[in-house]
Each structure stands twice: as C-alpha cells, then as structure tokens.
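Using the UniProt record's numbering, the letters of the sequence shown map in sequence onto residues 1 to 404.
Backbone N, C-alpha and C define an ideal beta-carbon position, used for all residues, glycine too.
Model, not experiment: these values are computed from the prediction.
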Amino acid sequence: MSLTRWAFASTLVTLFSASAFVPQHSRSKSHHGSAATTHLYMSAALIVQNKGGGHGELGFQLAKVLSDNDKITSVTILQDDACKDSAEPFQSYATDLPDVKVVKASLGDESMTATALQDILGKDAAFDYVWDNASKSPKGAGQAICDLAKAWNVKLFTYVSSAGMYQPTADAPFPMPETTPIKESAGQNQFDQYAIQQGLPLVTFRPQYIYGPKANKHDYIDWYFDRLVRELPLPIPGDGTQKLSLTNAEDVASLLAAPLNDEAAAIAQRVFNCGTDQLVSYDEVAYLCAEAAGIDKDKVMIEHYDADMFGKATFPFRMTDFYVAPDTAKEKLGWSGPLHSLKDDLQSFYYESYVARGGPTKKMSLIKDWEITVGSKTSLPEYGSSIYDKFDPIILEVPAAPAE
Ligand SMILES: *[C@@H]1O[C@H](CO)[C@@H](O)[C@H](O)[C@H]1NC(C)=O
C-alpha cells in the first residue's frame, strides 16, 4: 500500500470511529424530540444532489417524500453549489422544505476528498441512508461520497443512475428488463462498480424521461407544444408507435424511496428500472398535448418520416423503442405505482407553465423540421412557399417549374 493510500485509509478509520460515537439524539429531527413521539431508532437521510437538481427536481421531491416517511427522522440535502439559487427548485428549498437542512459543496470538484466533505457536512455528521443523484463517476466528490458512506456504515446507498446506459440488442425485449446489456464504460456504471467493490449496500435506479411541477428542464414535452401552438407539422421518426415512459418527478421520488419498504430485498435485487407504468407512444404524446392546449385532434399534423434518411433531427426521444417499466420495483419493493398521469399533468399544470415560460412566442429554428417535412414529401411545394415562412422566413430556392 502506498503512503497516500495508507494515509487515506487511516483517515477513513478515524471518520468511522468518530461517527460511531455520534450520540443518536443529535441525528433526530428537532420536532421529533419529545418523548411522546420518540422513534424506536433514529435514521438520518442524506440526499446528494447535482447542480441541475435531478431534472431538476428529484432531490427536492425526494426530500419531501423522505420527510413524510416514518423510518426517516432527519433529511439533509448536500447540494452542488453550482446550482442556480434563484431558479426552481432551489428557490423553494427554504419555503417548501422547512425541516430539511441544506449544505452546499463543490460536487464537481475532482480534488474533493472524503475528509474535506466530512468537514463541510460537519465533523460529527453521519447518515444511515444516502441517496446520490450527483456523482457522475467514482472520482473526486463521487469517490468521497462512497468512502464516507462506507465510514458511516450506511444501511442503504441508493444511486440515481440512468436507463440511458442500456444498450439493447436488435432483438431486445421491451420494456427493457434490468438485465439489458449496458455501456460498461459509462461513468455511472463505473460508479456502481466502485460502490460494489467498497461493499456498500448499493441500490441503483435507472430512471428515464422525467417532468414535474418544479423542473428546470422542459425540452422533451416542449418540443410538441412548440409545433402545435404554431400550427406546424410534428416530424416524428418512424411510425410514431414507439413507446415511452414519461414520469412525474413526484412518482420518481416515491419510487426512489421504495427501498425503505424492504431493504434486504432492495439490496438483493440491486438494480431497478424507474418510471411510470403508464406508457405512451410518440404519437399519443402529440394528441395529449393538443388536448391540453385546446387544439382540435384533426388540426394535429404528424409527419412520420424515415429515420434512416433524416436521422433524429430535433426530435427529443430516440428514433426506436427505448423504454423501461417498473415491474421489478412493484414486485420486490411493493411500490404502489404512480399517482400521476401525463394526460392530467399536461392539463393541470404543464401547458400553463409552457405558456408562462413564453413558449408560444419564443424564437426557434425550424430548419430541420422544414427539411424533413418538405424532403419526406414526394413532390416539392409548387410555388416554393412553405408553412414555415411566417415564423422563420426561409425563402425556398425551388427551381421554377419548366414552362409548358
Ligand atoms: C439524477 O437524476 C437525473 C434524472 O433522472 C438523471 O438525469 C441524472 O443522470 C441523475 N444522476 C446523476 C448521478 O446525476
């Protein structure tokens, strides 16, 4: 063992013994301090949250869910300090999560060590449960989190990974099971491997597309509204029957907390797909959005195009089927399923928020849409005028029809 490795290992030993003597009451939520509400045990939860907030609100929603969970007596968010405090969900941390402690740190810092991170959290801080929605690889802060979790002897280490690491073969079954081949080189896989090597009680979730009331990432669903409200065609690759799991962040959060229902089963299974069980097709999303925006079904102009010829262009989802279902989580963790549906959410808040963000009036490039819509037609428009001209005046250089 090299000297630096030895020094690091001994630091961990010190951390471990320090945390082992943290008096249990110092981990409890203040309002649970009275004798009448004493729990059989105290359990402190730590959410490690990336600068985007987890699409951007997983950490926020998870903190809410955990605050209401009987097993958890205190919740701390370790927030990457590169987040934008004036944006959602960060601006709601103080008002909506009054009992949650928020600690900031440079989680993108490759030179972050376990010792430095422990100091930031407080010398005596120790946690029983960790949810990590920040570490991109087992380096810097990522490694530090794992090493601290080990020193704290956590009961569960839940990692929020991504279904994006799946590499389904041509004949793969859908929804993709947890056994689907993955991109071995992905940082998130390396993180999983490091956590396993360290002997952490790892549970790793692979979520897919997420939206929610406090999200700061809207491009998936906005893609549909951007075209619908402008009365423009929607270029959708293939035949539009490809399925999709689009999940409300509140439902993702309840799924991320589900390992608390059966910790042993969660650790034994280790990998869980994460998303709603209400799958929708690419075309269905268009009709649901139209309905929410009060647009007639027959005004929806879907332009199915040959994905081999034009590629993905601006379409926000994959060209082919790529979706997961939460069957394993339901079976092994007793997750009761989503409480939200895309249809209701589009009507109750999403369309309104799209308008409030200036969606219908913002400037946008439509050149790719134009290429596909015009190019996938067998004949060019006769006079070179296009449905796009009123928004993005591309003057079509269509050769004049030969004189007859
Ligand atoms: C956090 O959650 C989001 C939403 O699923 C995801 O995109 C991101 O990769 C997650 N994990 C990490 C480690 O940042």
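In the DSSP assignment, the residues bridged to Thr-158 are Trp-131, Val-203.
Under DSSP, Phe-272 forms a beta bridge with Phe-205. If only complete runs of 3 or more residues are kept, the segment 194-256 shows the beta strand (DSSP E) at 202-207, 209-211, 234-237, 246-248, in order along the chain. The shortest C-alpha to C-alpha distance from Tyr-287 to any of Gln-278, Ile-47, Asp-298 is the one to Asp-298.
The beta-carbon distance between Leu-342 and Val-280, rounded to whole angstroms, is 6 Å. This is short enough to meet the 8 Å contact definition.
For Ile-210, the distance from the CB to the nearest heavy atom of ligand 1 is below 6 Å.
The alpha-carbon separation between Ala-307 and Met-319 amounts to approximately 7 Å. Val-355: member of the alpha helix (DSSP H) spanning 351-356, first to last residue.
DSSP places Asp-147 within a helical segment (H, G or I) once states are collapsed to three.
Contact annotation: Met-112 and Ala-141 have beta-carbon atoms nearer than 7 Å. By the C-beta density criterion, Arg-357 is exposed, having fewer than 16 other C-beta atoms within 10 angstroms. For Ser-74, there is no enclosing alpha helix (DSSP H); the residue is found in the beta strand (DSSP E) stretching over 74-80. Residues Leu-78, Asp-132, Ala-134, Ile-145 of the same chain have their beta carbon placed closer than 6 Å to that of Val-48, with the five preceding and five following residues left out of the count. In this chain, Val-103 is not harboured by any alpha helix (DSSP H); it is covered by the beta strand (DSSP E) spanning 101-105.
Residue nearest to Glu-263 within the set Asp-96, Pro-168, Pro-201, Val-102 is Pro-201 (criterion: CA-CA distance).
With fewer than 16 other beta carbons inside 10 angstroms of its own, Lys-363 counts as exposed.
Annotated three-state conformation of Tyr-282 is helix, per DSSP.
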